[in-house]
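In what follows, a single structure is set out as structure tokens and then discussed.
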Amino acid sequence: MLAVSVLAPLPALAAKYAAIVVDARTGEVLHEENADTLTYPASLTKMMTLYLTFDALDEGRLRLDQALPVSAWAEAQSPTKLGLRAGKTLRVEQAILGLVTKSANDASVVLAEALGGSEAKFAEMMTRKARELGMRNTVFRNSNGLPNMQQVTTARDFSILSRAMLSDHSRYYPYFSRRAFVYGGRSLNNHNRLMSRYEGMDGIKTGYTVASGFNLAASAVRDGRRLVAVVLGGKSAASRDARMEAILDKAFDKPSRGSEAPVVARAGDEDTPRAVAKGRPPAKPETIAQLASTVSTPAAVRPPARARDEDADTTKADGSKWGVQVGAFSTREASKRALTQATKQAPFLLRAAKPAVTPVKANGATVYRARMVGLDEGTARKVCSELTRNGHRCVPVSPNEKL
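Using my numbering, the final residue of the sequence shown is 671, and nothing's skipped along the way.
Now the structure itself:
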């Protein structure tokens with residue numbers, strides 16, 4: 269059983285470039301750089317959410333046409349999202365397409381709650397599955413990749429997940445090739461722009477936060493040979509894409525070993541793709557707590573700032589009159605309920621804070637930001653750490669952002 273409850277907050281990791289290219293059939297590593305460096309997955313996280321969704325479809329626990337309830341928690345997710353409303357429903361196939369094209373954080377929570385009962389329990393399922401697949405350095409704390417310092421991974425681990433997706437769920441893999449998805453009268457374009465210009469590329473997923481940099485897990489096939497590549501920590505979407513093209517081109521020029529059977533690791537296997545590539549036995553699987561205790565990081569960086577065009581958002585700055593935001597809702601009443609729940613979860617830390625519900629125009633509609641204000645920076649961060657550990661969304665808000 270995974271010891272998720274004993275995790276302590278981890279120091280922030282600085283975004284660092286990492287990359288790996290792997291032959292999808294043999295597991296041969298054709299290129300790697302900082303492939304085992306811990307960093308944040310951002311929206312690549314949704315690949316595991318989808319993997320478990322596909323498991324459920326294969327096992328009959330979900331149907332593609334099944335309508336799933338939208339909770340207030342799902343509605344409260346930060347952009348990017350579909351704009352779901354609590355009390356409504358979303359079909360499973362719509363949720364899948366929302367994840368692979370729009371990278372919809374709200375749709376991800378809908379799937380998580382349907383499969384795990386809560387997003388926190390689903391995150392435990394995600395981490396258990398990661399261990400089963402051989403992803404030994406990955407910890408999941410949410411279903412969508414929104415900023416959480418305890419949610420870490422490596423380029424090598426996501427190459428393992430990419431290969432597992434291809435081998436275990438090939439019937440669903442074509443979803444990742446969708447260029448656009450129409451929802452609510454809007455056409456939502458896939459964030460992976462390389463699919464329109466790189467020969468043979470047909471997926472998989474982009475991701476971005478300030479802390480992670482620009483991430484991309486991709487797969488391409490040429491002359492019957494499929495490669496999987498992961499680039500993490502790009503300086504921009506354009507530079508990340510250019511680097512992905514360069515390492516794939518170089519890898520496709522290398523001859524394949526061609527004689528080995530597919531390698532997809534599972535818990536208890538004698539070999540993992542990493543061990544095969546390096547010619548040495550793998551380390552024993554670690555619990556989440558053991559992984560967390562061994563993290564060695566550079567000096568702390570500021571928490572993730574507002575994501576731009578692909579992923580999640582949060583706020584950064586320095587000062588004294590801070591606050592925390594616990595969501596943005598379609599009604600004032602929903603915001604008040606969220607603030608009441610937050611106060612119950614961290615009563616001591618929020619004893620001197622004041623609730624603030626602020627209407628804000630977003631995409632032509634009004635949403636109500638739910639914030640507790642009048643905190644110092646340290647207390648604001650402690651509040652969010654406490655709420656996050658207990659499965660609540662929380663974002664520190666600096667004095668530089670209007671409260």
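Think of the CB as a built atom: it goes at the ideal place given N, C-alpha and C, for glycine as much as any other residue. Since the model is a prediction, treat every value here as computed from it, not as a measurement.
Proximity of residue i and residue j at Cβ, strictly below 7 Å
i	j	result
G413	S311	yes
A372	L350	yes
A606	V594	yes
V450	G468	no
Y443	V368	yes
V592	P667	no
A654	A596	Looking at the sequence provided, one finds Glu at residue 654 rather than Ala. No, these two residues do not count as a Cβ contact at 7 Å.
A394	D425	Going by the sequence as given, residue 394 is Met instead of Ala. No, they are not a contact pair.
E300	I288	yes
N410	E392	no
For residue j and residue i, believed in contact at Cβ under 8 Å, the rounded distance
i	j	result
R494	A292	4 Å
S487	G475	Incorrect: roughly 15 Å between the Cβ atoms, too far for contact.
K473	K314	6 Å
A749	A423	Here the chain covers residues 269 to 671 and nothing more, so residue 749 does not appear.
E343	A354	5 Å
As assigned by DSSP and simplified to three states, the class of residue i
i	result
N483	strand
A543	Reliability fails at A543, whose pLDDT of 35 lies under 50, so the model's placement of it is uncertain and the value that follows must be treated cautiously. A543: helix per DSSP, three-state reduction.
K349	coil
V665	strand
F597	strand
V378	helix
K629	strand
G295	coil
V651	helix
V368	helix
Y636	strand
P442	helix
K589	coil
L617	coil
V641	strand
G355	coil
A505	helix
A363	helix
A606	helix
K522	coil
D470	strand
Cutoff 7 Å; reference residue i; Cβ partners in own chain excluding five residues on either side
i	result
K284	N302, T305, T307, G501
P337	T357
W590	L643, D644, E645, A648, P664, V665, S666, P667
T611	L618
A324	L330, L383
F616	none
S504	F482
I515	A287, V289, H299, A497
Close-in-space but distant-in-sequence residues of the same chain around residue i (CB under 6 Å, 5 per side omitted)
i	result
A363	A375, V378, L379
L332	V360, E361
L484	T474, V499, R508, M512
A398	T406
Y636	F597, R600, S603, V625, P627
P309	G413, T421
V290	V297, S427, V496
T634	P627
T321	L379
Residues bridged to residue i [DSSP beta-bridge criterion]
i	result
P309	Answer by DSSP bridge pairing: none, since P309 is not bridged.
I288	E300, V498
F449	L456
T477	G481
M393	In DSSP, M393 forms no bridge with anything.
R490	R493
V420	V407
Chain-order list of residues whose beta-carbon lies under 8 Å from that of residue i (same chain, five-residue window excluded)
i	result
K622	M640, V641, G642
Y319	K397, L429, A432, M433, D436, H437
S455	A448, F449
K522	L298
M463	S445, R447, M469, D470, G471
G452	L350, G351
R661	W341, A344, Q345, S346, L414, V594, G595, L655
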